[in-house]
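Here the sequence shown stands for residues 10 to 773, where the numbers follow this note's numbering. A virtual CB, placed ideally from N, CA and C, is assigned to each residue, including glycine. Input: a single structure, listed below in structure tokens.
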Amino acid sequence: MHVAADNVTERQRIIDWFSPVNFFPRHADISSARQQGTGGWLLEDSHFQQWELNSGSTLWCEGIPGSGKTVLVSMVVDHLNTHTQNRDVGVACIYLNHKETEAQTVSNLLSGLWRQLVFGKDITSQVQELYKQHTEKGTRPSLDNIHLALCAAITQFSKVYIVVDAVDEYPENQRHLLFDHLTEIRSTVNLMITSRPHITPIADSEVLQIRANDKDIQSYVDGYIKRSPHLSKLVKMKPELEEKIGTKMRNTVDGMFLLARLHLVSLDTMMTPKALLKALEKLPSDLDETYHNAMERISDQRQGAREVAQSTLIWVTNAKRPLTVEEIRVALAIEPGDNQLDVDNMLDIDTILSACAGLILLDEEYSIVRLVHYTTQEYWDRVQAPQFPDAQTNVTPVCSLSWHLTNIYRDERDQPTLFNYCQYTLVHAAGKPEEDLRKEIIEFLTHAVMWGTLDKWNRPWKSSAPWDFEDWPQKTAPLWIAAAANLFNTADYLMKNSSLTGSNHGAVIVASYYGHFKIVEMLISQGVDVNFQSRVYGTALQAASSEGHRDIAELLINTGADVNVQDGRYCTALQAASWNGHKDIAELLINMGADINVQGGHYGTALQAASYYGHFKIVELLISQGVDVNFQSGVYGTALQAASLNGRKDIAELLTNKGADVNAQGGYYGTALQAASLNGHKDITVLLINTGANINAQGGVYGTALKAASSNEHKDIVELLINNGADVNVQGGCYDTALHPAGLSHHNDIVDLRLENGTTESRQ
């Protein structure tokens, strides 16, 4: 069934679920702001032209801050879309932003690429199946599932271009993972990446220096003057100003569009041609000095405008995600001591922007406000933030008040404007605000407990900690939320005031999950049960093991945590560590007596979990410790079936070399061969056949490997199986014969292939 043909609404629902991040609007916003005529030099550069013509090549474009890399990316994407008006060529882009790292996870970035590549195309049955499975459980697809879906989308084109902007803005601890996935697909795509010079390029990349030339700077200046009513008026009064401005800009900005923009904003405030000429002579060529001048202009404003600008900058620089226009308006309207929102105190967005000396921009596509550039955040953190030591203390009560204005039984759309941002209240509260606002924070926690008493699907936010935590207790206590949010002083105070604490044992699980070592240590010292069990994560040791917090795992073990407790999603701490690839914790647990063959949990055993997710080193470790490679349990039956289903050829080879039975039956897919055939892993299918797999073995949901391959339209595997003796007439499973799944999906090429090879049925 093709969703696009049957139900457009359902198709969009699947796309929005699978890909929470949509780069189409962001690209449109950047592209619309691009000055016509700029950046043409890049399209004429021989390195770029060679990259565009080649296949499987990587172009690494590095440039100084503010040199226009993001704008050039938008130009490249538009150029590729215009010059490859062919449905057989795909183009996708990523715009990284330091303020959106919470939303821009590696999973969301890859699914964002997928969204662009499936535009106008059918959604594969694999993604439809993932949607069905996960929406029923309220879970998300794994990173591996998303990577495989992206690879499948890429194969629908003869050529694919992927452009990634500003990798220098991506968190260093996640950048390597993003690079790993980009490296895996680079042989099948043309990859272009932009960055500042301090990031090491991906190996075997062609490196190209990005720098705005004088022609581009002049075009930008001309365009700005035309769009500015005030500058246009001054130039009309004194025409030679235009040439003087252009000459000064070309000589001063040193290839930086950002510097040109900031200077033009400054010049736009000059009231007369004479004042403009004086200001022109004093324009600095240093970015820090330019920011300093902008802050001086803010300070020189009348008190009201100055306070608006400073408050706006405090909010935008400290915000944990970009703020919407309405959110910043509400945030600025709430004053200390307010117990309600006064709409008469709300400013219009133009007034806010005009007070900020060009340091804040309006992103019209998303209706958000943002800093003019990443370097603005760096300058603020380094130079300005120390002058506002109470920034977080000022932000926290505004968020708290917005929370108190909510009604837990009211629809989210009817809540106060700043309602959604309140999920970050506790992030702002950590540290100094805990000392200054203890009473307010505890009131907030008490109010927050009410959300925890509701069904988890009705909690207002699930995008940030602790609201995204799956294992909310049935009776949430203030201590639990304080521990989840890393509010050490608050949690310690609550523990010492037992009347405020409520149930305290579950707090050690959530603190272990998020890696809050000091809080775990404090809770243990005050007597919490380290073996307390919960629904999803089982125990604190399982939670720490699943997230890779070795220091906490060691602390828990040393204070009495049982390494073999069986409960929760992972069943054991060892399976949790194996599932998520934490070899150091797996070794620790084994050394402390963890049973490597314990059965239970979604994947059955630690070996199956590691095999499914491709953690080769952990599979090696478990085998070296004597794990039973043929142990049958869980949804995938055996470790070999788990590895085969998810395309882990290296692990499948290792398992077969270590004695895994290629014909072992069990689990959802019956055999390893059926699992590999279902998902189109031809290399593993060949491996299993060569090591003695019974091609006509029956079992599992599809009955045989041939029917599994047919159901997902893998013609190459159907052909391989038939050539190796697969019986096209075998009955059983969810389809009577191998002809049925292809007939139902109208893949006549597969039907014809089987008719040619002796099926006893005719095409309907």
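If the criterion is Cβ atoms closer than 7 Å, does the pair residue i and residue j meet it?
| i | j | result |
| --- | --- | --- |
| L292 | T261 | yes |
| V537 | A570 | no |
| V115 | L68 | no |
| R205 | D177 | yes |
| D604 | N573 | yes |
| P150 | L139 | yes |
| K202 | G72 | The residue you asked about is not Lys; residue 202 is Ile in the sequence shown. No, the pair does not count as a contact, with Cβ atoms beyond the cut-off. |
| I163 | I23 | no |
| V445 | T402 | It should be noted that the sequence gives Asp, not Val, for residue 445. Yes; because the gap between Cβ atoms is below 7 Å, this pair is in contact. |
| C70 | L217 | yes |
| V404 | N506 | no |
| E336 | Y430 | yes |
| T485 | V458 | yes |
| I358 | V339 | no |
| Y579 | G557 | no |
Based on DSSP bridge pairs, tell me the residues matched to residue i.
| i | result |
| --- | --- |
| S151 | Answer is none; S151 lacks a bridge partner. |
| A101 | I171 |
| G613 | Answer is none; G613 lacks a bridge partner. |
| G129 | Beta-bridge pairing links G129 to no other residue. |
| I202 | W69 and V173 |
| G708 | G712 |
| L332 | V378 |
| C580 | D576 |
| G547 | S543 |
Using only CA atoms, which one of the options lies nearest to residue i?
| i | options | result |
| --- | --- | --- |
| L583 | A269, I627 and I219 | I627 |
| A684 | L427, Y645 and Q535 | Y645 |
| L332 | N606, I361 and R379 | R379 |
| G643 | N672, G623, G613 and V671 | G613 |
| S241 | L663, T256 and D277 | D277 |
| F32 | L217, L285 and W123 | W123 |
| A439 | A494, A457, T485 and P406 | A494 |
| F188 | E109, L119, I731 and L296 | L119 |
| L51 | V30, S83 and W26 | S83 |
| L550 | R259, T581 and I528 | T581 |
| S294 | N666, D501, H272 and T326 | H272 |
| F397 | V352, I323 and C431 | I323 |
| Q21 | V136, H36, Q575 and E111 | V136 |
| W726 | L362, S64, H690 and M265 | Looking at the sequence shown, residue 726 is not Trp but Ile. For I726, the nearest C-alpha among the options comes from H690. |
| G602 | N567, G590, A619 and A618 | N567 |
Along the chain, where does the beta strand (DSSP E) that runs through residue i open and close?
| i | result |
| --- | --- |
| V378 | I377 to L380 |
| I369 | I369 to D372 |
| E215 | E215 to I219 |
What residue range is occupied by the uninterrupted alpha helix (DSSP H) comprising residue i?
| i | result |
| --- | --- |
| N721 | Run containing N721: none; DSSP gives neither H nor E here. |
| Y140 | S134 to K146 |
| I343 | Per DSSP, I343 belongs to no alpha helix (DSSP H) and is neither H nor E. |
| N327 | Q312 to N327 |
| F7 | Nothing about residue 7 can be reported from this structure: the residues present for the chain run from 10 to 773 only. |
| H265 | Per the sequence shown, residue 265 should be read as Met rather than His. No alpha helix (DSSP H) holds M265; DSSP gives it neither H nor E. |
| P282 | P282 to E290 |
| S653 | A648 to L654 |
| P238 | P238 to M246 |
| Y522 | G515 to Y523 |
| S64 | S64 -> no alpha helix (DSSP H), and no H or E assigned at all. |
| Y677 | Premise fails: Y677 is in no alpha helix (DSSP H) and is neither H nor E. |
| W6 | Since the first and last residues shown for the chain are 10 and 773, residue 6 lies out of range. |
| K108 | No alpha helix (DSSP H) contains K108, which DSSP labels as neither H nor E. |
| Y179 | Note, Y179: premise wrong, no alpha helix (DSSP H); not H, not E. |
| T665 | K658 to N666 |
| Q21 | V17 to F27 |
| S83 | K78 to H92 |
Please report whether the beta-carbon of residue i lies at a distance below 7 Å from any beta-carbon of chain B.
| i | result |
| --- | --- |
| L715 | In the displayed structure, chain B is absent; only one protein chain is listed. |
Indicate, with yes or no, if the ligand GTP has a heavy atom lying under 6 Å from the CB of residue i.
| i | result |
| --- | --- |
| N589 | Annotation note on the ligand GTP: not contained in the displayed structure, which lists no ligands. |
How do the segment 682-699 and the segment 648-658 stand: do at least 3 beta-carbon pairs fall below 8 Å, yes or no?
-> Here the segment 682-699 makes contact with the segment 648-658; the two share three or more CB pairs at distances below 8 Å.
If you pair each beta-carbon of the segment 223-234 with each one of the segment 21-41, do three or more pairs fall below 8 Å?
-> Taking 8 Å as the limit for Cβ pairs, the verdict is that the segment 21-41 does not touch the segment 223-234.
Three CB pairs or more closer than 8 Å across the segment 724-738 and the segment 697-713 | Result yes; three or more Cβ-Cβ pairs closer than 8 Å.
Meets three-Cβ-pair contact criterion under 8 Å: the segment 142-149 and the segment 167-177 | Using a C-beta cut-off of 8 Å, the segment 142-149 makes no contact with the segment 167-177, since fewer than three inter-stretch Cβ pairs fall below that distance.
Are the segment 687-699 and the segment 715-726 touching, with three or more C-beta to C-beta distances below 8 Å?
-> The segment 687-699, when compared against the segment 715-726, does touch it at the 8 Å Cβ threshold.
Would the segment 293-303 and the segment 380-390 be scored as touching if the rule is three or more Cβ pairs under 8 Å?
-> A contact exists between the segment 293-303 and the segment 380-390.
Decide if the segment 307-320 is in contact with the segment 277-291; the criterion is three or more beta carbon pairs, one per stretch, under 8 Å apart.
-> No contact exists between the segment 307-320 and the segment 277-291.
Touching or not, the segment 429-443 and the segment 491-505, by the rule of three or more beta carbon pairs under 8 Å?
-> Result yes; three or more Cβ-Cβ pairs closer than 8 Å.
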